[in-house]
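Participant: To start, I am sharing the structure in question, which I have written as structure tokens.
Residue numbers (this note's numbering), protein chains in the order written: chain A, 74 to 369; chain B, 74 to 369.
Below you can see the structure in the form of structure tokens.
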């Protein structure tokens, strides 16, 4: 369907059109957020997941169009817009248009954002990885999934893991700093293993990941430990909005401020598919690599 | 929320950003289309309603991002994409990205499109109308609403009115031809009276419409007649995707090919609000001006 050169977006996080990086991600009630989540956090999250796609392309956020399919709860909608506004202001995006439609009663809300960013000098694709590249991760993994698990057992749960689930932070400055030195980059939204498999497939290579190297936050490790099981949970949980990058011989930690969590987690090699190790031993690839609920 | 100069989109059909006209309209099952409508016609309609917003701004369609919140019926989705693809090809738009999410079972589908068009030398706003301007309509009114009424009484109904409901034709060439000579333009999507009231309000003027002048198709008149009741139905039905334009002293029919249906239907005057006449007599403005289901 999409043979236009700008259509890298169908296989990538975003499209590139005349110097604009453009993406559209939607979130649905009961799928990407819990009906009981604070509505301002849902607004924040919608902006953040789209800004994260811009971050992965090294773009400077500029503008957004909002699509709200809602069911007429004015207080919810006002708080949602408050949270969205906070996030858009934080990320430097102007709301320039959109659409609001009323769903039949009881239908789950569907909230979409089209985000436009100004492309930098380099817009890394997901497909640019080469055999021999190192794989790097900026940010930590598993916090959001651990926060969601906490909320599932206690709807009143709070703390940094719940916050990571509700208010992810797109790595905009980090993405811009890396865009010119990486061979491929994407954001980790659906689970590291799934997203890494996508990068490998679209690059025509295989990926090897050392689970022992995965960056875990102190809060995550305190909640779930840092053994193999916890690491597989972190590598498949999704909603991380970390950045996954491939680079040939750059030490990416030298391109980022010293306090940044940036970690070499594996490499790309000739072949196809994904292989995992932990403590020097091979680990079977789990059947479920991440969340398939969104196809792009 | 939106003080950015590009944000005319919040009060207009589309935003204008660096030479791009950008719009996003969504349609929902059971709201903007009937669950039994052929899925290819739903795809066509989604592209057409967005292209119509570009038409109203005189823009040349270029690209689109698709947002599908669907529930996993592969045959429906394939046919929907076929219809969308036909329409995008017809209108000259490349699909460059988007997002697909899976809704919980039984949730109504929500289908959104972000459409990008290249702005022409003039991008008329909805708010540019002046006292003394004539009001013009390109296209006919009521066909789609009459087609929907037919479908409601007979799900197997067919013919030009049903076709108008299912496969509207955006007036792209007409919009481009008029963009430079009108003081204000918008598409009629929610009902002429509602959309005209919006143009008048955003222009800070009042609007007078001669219901007797409204252009009705032969199929419409054969189905519902052409008296006052039929004309009020046509003026409030919505889904017309006609163009409503205000112009100071241009005869807009001279700017369009001779076969075009273009009709002077009233004028803008000092004041506020809407007034209607028929056969030289005042007609009370109906309580329901059109479909409020979409707020922009």
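Heads up, the beta-carbon is just placed ideally off N, CA and C, and yes, glycines get one too.
Using only the alpha-carbon positions, how far apart do residue 236(B) and residue 154(B) sit?
Facilitator: Counted from its first residue, the second chain places residue 236(B) at position 163. Counted from its first residue, the second chain places residue 154(B) at position 81. Near 18 angstroms, if we compare the C-alpha coordinates of residue 154(B) and residue 236(B).
Participant: Do you know how far the Cα of residue 274(A) is from the Cα of residue 339(A)?
Facilitator: Within the first chain, the letter at position 266 stands for residue 339(A). Within the first chain, the letter at position 201 stands for residue 274(A). Taking the straight line from one Cα to the other gives about 16 angstroms.
Participant: Can you tell me whether residue 179(B) is buried or exposed? The criterion is at least 16 other CB atoms within 10 Å of its CB, across all chains shown.
Facilitator: Position 106 of the second chain, counted from the first residue, corresponds to residue 179(B). Exposed, by the Cβ-count rule.
Participant: Please state the DSSP three-state secondary structure of residue 278(A).
Facilitator: Here residue 278(A) corresponds to residue number 205 of the first chain, with the count starting at 1. Three-state DSSP puts residue 278(A) in coil, outside helix and strand.
Participant: Evaluate the contact criterion for the segment 170-188 of chain B versus the segment 294-308 of chain B: three or more CB pairs, one atom per stretch, below 8 angstroms.
Facilitator: no
Participant: Determine the direct distance from the alpha carbon of residue 189(A) to that of residue 96(A), and round the result to whole angstroms.
Facilitator: Start at 1 with the first residue of the first chain, and residue 96(A) comes out as number 23. Start at 1 with the first residue of the first chain, and residue 189(A) comes out as number 116. Straight-line Cα distance between these residues: approximately 7 angstroms.
Participant: Quick test of your reading: residue 202(B) and residue 263(B), contact by CB under 8 angstroms. State the CB separation rounded to the nearest angstrom.
Facilitator: If you number the second chain from 1, residue 202(B) lands on position 129. If you number the second chain from 1, residue 263(B) lands on position 190. Not confirmed; about 18 angstroms, so no contact.
Participant: Does residue 315(B) come within less than 8 angstroms of chain A when only Cβ atoms are used?
Facilitator: Position 242 of the second chain, counted from the first residue, corresponds to residue 315(B). In terms of beta-carbon proximity, residue 315(B) stays away from the interface with chain A, with every pair separated by 8 angstroms or more.
Participant: Closer than 7 angstroms to a non-hydrogen atom of the ligand ATP - does that hold for the CB of residue 136(A)?
Facilitator: The model depicted lacks the ligand ATP and carries no ligand whatsoever.
Participant: Nearest chain B C-beta to residue 96(A) closer than 8 angstroms, yes or no?
Facilitator: As a position in the first chain, residue 96(A) is number 23, starting the count at 1. With respect to chain B, the C-beta atom of residue 96(A) has a partner C-beta closer than 8 angstroms.
Participant: Work out the CA separation of residue 198(B) and residue 282(B) for me, nearest whole Å.
Facilitator: On the second chain, position 209 is the one that residue 282(B) refers to. On the second chain, position 125 is the one that residue 198(B) refers to. So the two alpha carbons sit approximately 20 angstroms from each other.
Participant: Based on the DSSP output, what are the partners of residue 259(A) in its beta bridges?
Facilitator: Within the first chain, the letter at position 186 stands for residue 259(A). According to DSSP, which records beta bridges pairwise, residue 259(A) is partnered with 317(A).
Participant: Rounded to whole angstroms, what is the Cα-Cα separation between residue 279(A) and residue 224(A)?
Facilitator: Along the first chain, read from residue 1 onward, the residue named residue 279(A) stands at position 206. Along the first chain, read from residue 1 onward, the residue named residue 224(A) stands at position 151. Their Cα atoms are separated by approximately 36 angstroms.
Participant: Checking contacts by CB at 8 angstroms: is residue 187(B) closer than that to chain A?
Facilitator: Numbered from its first residue, the second chain carries residue 187(B) at position 114. The C-beta of residue 187(B) comes closer than 8 angstroms to at least one C-beta of chain A.
Participant: Counting only Cβ pairs nearer than 9 angstroms, list the residues of chain A close to residue 140(B).
Facilitator: On the second chain, residue 140(B) is found 67 positions in, with the first residue counted as 1. Residues of chain A with a Cβ closer than 9 angstroms to the Cβ of residue 140(B) are, in chain order, 97, 98, 99, 140, 183, 185 and 187.
Participant: Residue 104(B) touches chain A at which residues, Cβ-Cβ below 8 angstroms?
Facilitator: Here residue 104(B) corresponds to residue number 31 of the second chain, with the count starting at 1. Within chain A, the residues near residue 104(B) are 174, 175, 176 and 177.
Participant: When the Cα atoms are used, what is the spatial distance from residue 211(A) to residue 335(A)?
Facilitator: Within the first chain, residue 211(A) is the residue found at index 138, counting from 1. Within the first chain, residue 335(A) is the residue found at index 262, counting from 1. Approximately 4 angstroms between the Cα atoms of the pair.
Participant: Quick check on DSSP: helix, strand or coil for residue 217(A)?
Facilitator: Within the first chain, residue 217(A) is the residue found at index 144, counting from 1. In this structure, residue 217(A) counts as helix in the three-state DSSP scheme.
Participant: I want to see whether chain A comes within less than 8 angstroms of residue 367(B), judged by CB atoms only; does it?
Facilitator: Numbered from its first residue, the second chain carries residue 367(B) at position 294. At residue 367(B) the pLDDT is 45, less than 50, meaning the model places this residue with poor confidence; the figure from the coordinates comes in the next sentence. It does: the Cβ of residue 367(B) has a partner Cβ on chain A nearer than 8 angstroms.
Participant: With a CB to CB cut of under 6 angstroms and the five nearest residues on each side skipped, what residues in its chain are close to residue 318(A)?
Facilitator: Looking up residue 318(A) in the first chain gives position 245. Cβ within range, chain order: 209, 251, 255 and 258.
Participant: Over what stretch of residues does the alpha helix (DSSP H) that includes residue 159(B) continue unbroken?
Facilitator: For the purposes of this step, residue 159(B) is taken as the residue at position 86 of the second chain. Per DSSP, residue 159(B) belongs to the alpha helix (DSSP H) from 147-164.
Participant: What residues in its chain sit with their C-beta under 8 angstroms from that of residue 182(B), if we drop five residues either side in the sequence?
Facilitator: Numbered from its first residue, the second chain carries residue 182(B) at position 109. For residue 182(B), where only same-chain residues beyond five positions count, the Cβ hits under 8 angstroms are 101, 102, 141, 142, 143, 144 and 176.
Participant: List, in chain order, every chain B residue whose beta-carbon is nearer than 7 angstroms to that of residue 311(A).
Facilitator: By 1-based counting over the first chain, the position of residue 311(A) is 238. Simply none; closest approach about 13 angstroms.
Participant: Give a yes or no on whether 8 angstroms exceeds the smallest Cβ distance from residue 169(B) to chain A.
Facilitator: For the purposes of this step, residue 169(B) is taken as the residue at position 96 of the second chain. Answer yes: the Cβ-Cβ gap between residue 169(B) and chain A drops below 8 angstroms somewhere.
Participant: Could you work out which residues of chain B lie near residue 180(A), taking near to mean beta carbons separated by less than 7 angstroms?
Facilitator: Working through the first chain from its first residue, we reach residue 180(A) at position 107. Simply 180 and 181.
Participant: Going by DSSP in three states, residue 368(A) sits in which element: helix, strand or coil?
Facilitator: Indexing the first chain from 1 puts residue 368(A) at position 295. For residue 368(A), the pLDDT reaches just 37, beneath the cut-off of 50, and the residue's location in the model is therefore unreliable, leaving the point undetermined.
Participant: Given a cut-off of 8 angstroms, decide if residue 160(B) and residue 121(B) are closer than it, judged by their beta-carbon atoms.
Facilitator: Within the second chain, residue 121(B) is the residue found at index 48, counting from 1. Within the second chain, residue 160(B) is the residue found at index 87, counting from 1. Yes; because the gap between Cβ atoms is below 8 angstroms, this pair is in contact.
Participant: Please list, in chain order, the residues of the segment 201-230 of chain B that have any C-beta partner in chain A closer than 7 angstroms.
Facilitator: none
Participant: Please tell me whether residue 299(A) and residue 284(A) are closer than 8 angstroms, where the distance is taken between their beta carbons.
Facilitator: To locate residue 299(A), count along the first chain from 1; it is residue 226. To locate residue 284(A), count along the first chain from 1; it is residue 211. Taking 8 angstroms as the Cβ cut-off, residue 299(A) and residue 284(A) do not qualify as a contacting pair.
Participant: Could you name the residues of chain A that residue 362(B) contacts, counting a contact when the two beta carbons are closer than 8 angstroms?
Facilitator: Counted from its first residue, the second chain places residue 362(B) at position 289. In chain order: nothing, as chain A lies at least about 16 angstroms away.
Participant: Between which two residues does the alpha helix (DSSP H) holding residue 130(A) run?
Facilitator: Within the first chain, residue 130(A) is the residue found at index 57, counting from 1. Element bounds for residue 130(A): n/a, residue is neither H nor E.
Participant: Taking Cβ positions only, does residue 289(B) come closer than 8 angstroms to chain A?
Facilitator: To locate residue 289(B), count along the second chain from 1; it is residue 216. Closer than 8 angstroms: no.
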